[in-house]
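In the working numbering, the protein residues as written are 700 to 1457.
Written out as structure tokens, the structure reads:
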């Protein structure tokens, strides 16, 4: 019941409350009035009954005294006018009825006393009034009067009806008041409640406002509620706008976070990782799953930086700031693999209502830092190179002028009358050696240019090693003999047979060994120079050049392999050359698949080592001109060779060389003549084609010849020694190419190699 009432609408509660109060009040009032009225009526009736009884007694005093029953009876007959009076008995002192009056029915004699009294019968239908008949203080008899209560009942009924009517009227008024209050008070509250319920269920704050403009508390409440709704609506709009902005910002941040090339890492107040973007995964090598919840320093910061990091982080926790915050700084970081990389790091702290932390961005700047280091190194090397090149050019001038002086000087001496026959062989030897020195110098310059351009190439083929070693020994022995050096030249070979084959570039291996032996001769004044090779494992040969010269200090061992490195040793009086030989030699050995190093002790000499790969399965050579060692069999009798050359000196040189071959030689002064001659003589076996010629160059002439003759061998002659020249001549249709100046043995062996099986 209690819950039922508690759940009723307020208007019903108000009605029930007011009705309960009113009805209770009316019931109490009615009961009170009725009780009071009953008491009043009873008292009134009793008083009336007593008064009537007294009046009867007073009228009959004398008659009772004289016991005059007839008169007494007459007296009683006169009281018929009292409608309420039902019975009257007059008793003497002995209790005998002297006279009686009965309106409708008689009653038996009653036992009465001498005292006055008035009372109701038990059934409440009658009132009994007993009154003594006395005069002064003497009692003569008693009056017994019985009254009906009809009048009393009528009066009570009328009073009850009157009271009930009044109560009903009051109730009607109360109901009207309740309805009015419902309209004035409950209805606005109900509307307010309904509106609130609608808002709660729908979440729609755009509900039309309550139309209540009253100034009472309910009206003020409604107005305040409407104001509150407007405020909530405004704040909701602001919140929606803020949420939209936040959503847009979060979406933008999410896209930036995902697409950023920089690692973006979120940290909580304990510096544990709470977010880890894809770039962070890429840069550090950790997955997001591995990183989340891990302390930042143990994941990213190198161990040797932990102590400093912990100190700064402790300060950050106390003050909210440290040397890492609100700025970018360069440091190093570690990856999952353990690799260290250069990083640009920024730490931005944030503090919210419920949490705080920081956002760390990490940019991998390894490439930039390496670029900066490369720039510094490049600048240093450029400055060093500029310094060395300046010294190199000064030295180069000396190195060029020295052989040129010999060539020009002895050539002039040969033109003087009388000196030619006497000193011919000696002067020509000087001129040849100076020319070779000049050629070696030019070759060194070309090679170092190729090294700088990354275009230095080698041409490995199967060759017999020992004839090459023998040739080097003979050549260097002759040079030593000419210079009259007082030391011994030794050679050691692991295999003595001339058929010992390796796969290498014969020209380059001779160049390397000649460079090393030449250097040894410069710095050796006594003792010996020994060179040779031995096995170093099953697939490697170890070459060496050992001298008993001045040796080198330990800090010079790396310098000698740098370009122009010997220039830094310019105090040595024996120093000559460009300072490029060892640089070129080391690079050539590396290109051939080996390595080069030096062991030296100052004052005791030096030993240069280099390795080359060795294949034990090699037995015979299968390359054209497999060996260029020794004198070639020059006979090419019966062969027809076309030489395309426009320079008179080169023509004269080729005539002398080819005369020994007994081959038939045809001549063309330009590419046009070469093409026409080849077309007129299809029996030609081989064409020596110069590349740079007037009218038509060698490339075009070769292409035209290939249109009608696919089989003739065409060997290009070119003064170009740059990388790609061979490929260019082959693409034009040539079978092979040789570079100028052309060595006799190289030319004859090349011709023999192509023509021996043709």
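Glycine residues also receive a C-beta, built at the ideal position from the N, C-alpha and C atoms.
Subject >> Buried or exposed (CB count within 10 angstroms, at least 16 for buried), residue 750 >> reply: With fewer than 16 Cβ atoms within 10 Å of its Cβ, residue 750 is classed as exposed.
Original post:
Where in the region 833-921 do unbroken runs of the alpha helix (DSSP H), each at least 4 residues long, occur, reported from the N-terminal end onward?
Top reply: 849-880 and 886-901
Original post:
Once you ignore the five residues that flank residue 1220 on each side, which residues in its own chain have a CB closer than 7 Å to its CB?
Top reply: 1179, 1184 and 1228
Original post:
Measuring CB to CB, does residue 968 end up less than 7 Å from residue 1055?
Top reply: yes
Original post:
Can you tell me where the alpha helix (DSSP H) with residue 1350 in it begins and where it stops?
Top reply: 1347-1358
Original post:
Does the beta-carbon distance from residue 1292 to residue 1315 come in below 7 Å?
Top reply: no
Original post:
Under 7 Å, do residue 1244 and residue 1215 count as touching if we go by C-beta distance?
Top reply: yes
**OP:** Apply the 10 Å Cβ neighbour rule to residue 1416 and answer buried if 16 or more other Cβ atoms are within range, or exposed otherwise.
**Re:** With 16 or more other Cβ atoms from the protein chains shown falling within 10 Å of its own Cβ, residue 1416 counts as buried.
Original post:
Helix, strand or coil: which one does DSSP assign to residue 816?
Top reply: strand
Subject >> Alpha-carbon spacing of residue 769 relative to residue 867, whole angstroms >> reply: Taking the straight line joining both Cα atoms gives about 56 Å.
**OP:** Label residue 1126 either buried or exposed according to how many other C-beta atoms from any shown protein chain fall within 10 Å of its C-beta, with 16 as the threshold for buried.
**Re:** buried
Original post:
Who does residue 1374 pair with in a DSSP beta bridge?
Top reply: Paired residues: none, contrary to the question.
Subject >> Bounding residues of the alpha helix (DSSP H) (the contiguous stretch that carries residue 1444) >> reply: 1443-1454
Subject >> CB contact flag (residue 670, residue 1248, <7 Å) >> reply: The structure shown does not extend to residue 670, since the chain is modelled only from 700 through 1457, so no value can be given for it.
Subject >> Distance between beta carbons of residue 1029 and residue 1038, contact taken as under 8 Å >> reply: Wrong, their Cβ atoms sit about 17 Å apart, outside the cutoff.
Original post:
In whole angstroms, what separates the C-alpha of residue 1325 from that of residue 1163?
Top reply: Per-residue confidence for residue 1325 stands at a pLDDT of 38, beneath the threshold of 50, marking its modelled position as unreliable; no derived number is given.
**OP:** Indicate whether residue 817 and residue 790 have their beta-carbon atoms separated by less than 7 Å.
**Re:** no
Original post:
Which full runs of the alpha helix (DSSP H) of 4+ residues lie inside the region 1060-1146, going along the chain?
Top reply: 1065-1114
Original post:
Measuring CB to CB, does residue 1158 end up less than 7 Å from residue 1193?
Top reply: no
Original post:
With DSSP run on the structure shown, which of helix, strand or coil describes residue 1437?
Top reply: strand
Original post:
Among 1392, 903, 1410 and 806, which has the Cα closest to the Cα of residue 1378?
Top reply: Among 1392, 903, 1410 and 806, the Cα nearest to that of residue 1378 is on 1410.
**OP:** Indicate whether residue 962 and residue 941 have their beta-carbon atoms separated by less than 7 Å.
**Re:** No. Outside cutoff.
Original post:
In whole angstroms, what separates the C-alpha of residue 1345 from that of residue 1429?
Top reply: The C-alpha of residue 1345 lies about 22 Å from the C-alpha of residue 1429.
Original post:
residue 1387 bridges to which residues according to DSSP?
Top reply: 1342 and 1414
Original post:
Taking Cβ to Cβ, would you say residue 1373 is nearer than 7 Å to residue 1400?
Top reply: yes
Subject >> For residue 1360 and residue 1450, believed in contact at Cβ under 8 Å, the rounded distance >> reply: 7 Å
Original post:
Along the chain, where does the beta strand (DSSP E) that runs through residue 1299 open and close?
Top reply: 1295-1300 is the span of the beta strand (DSSP E), which, as asked, contains residue 1299.
Original post:
What's the gap between the Cα of residue 1058 and the Cα of residue 925?
Top reply: 44 Å
Original post:
Given 8 Å as the limit, is there contact between the region 850-866 and the region 880-889, that is, 3 or more CB pairs closer than that?
Top reply: no
**OP:** Tell me whether residue 683 is buried or exposed, calling it buried when 16 or more other Cβ atoms sit within 10 Å of its Cβ.
**Re:** A query on residue 683 cannot be resolved here, the shown segment of the chain reaching from 700 to 1457 and no further.
**OP:** Please confirm whether residue 1281 and residue 1309 have their CB atoms less than 7 Å apart.
**Re:** no
Original post:
Where do the N-terminal and C-terminal ends of the beta strand (DSSP E) with residue 1047 fall, by residue?
Top reply: 1039-1050
Original post:
Alpha carbon to alpha carbon, how far is residue 1223 from residue 1443?
Top reply: Per the coordinates, the alpha-carbon of residue 1223 lies some 32 Å from the alpha-carbon of residue 1443.
Original post:
So what's residue 1334 in DSSP terms, helix, strand or just coil?
Top reply: coil
Subject >> Nearest-angstrom Cα separation, counted from residue 1347 out to residue 1336 >> reply: Whole-angstrom Cα-Cα distance: 25 Å.
**OP:** Provide the residue span of the beta strand (DSSP E) that contains residue 1425, from first to last.
**Re:** Not the beta strand (DSSP E): residue 1425 falls in the alpha helix (DSSP H), residues 1424-1431.
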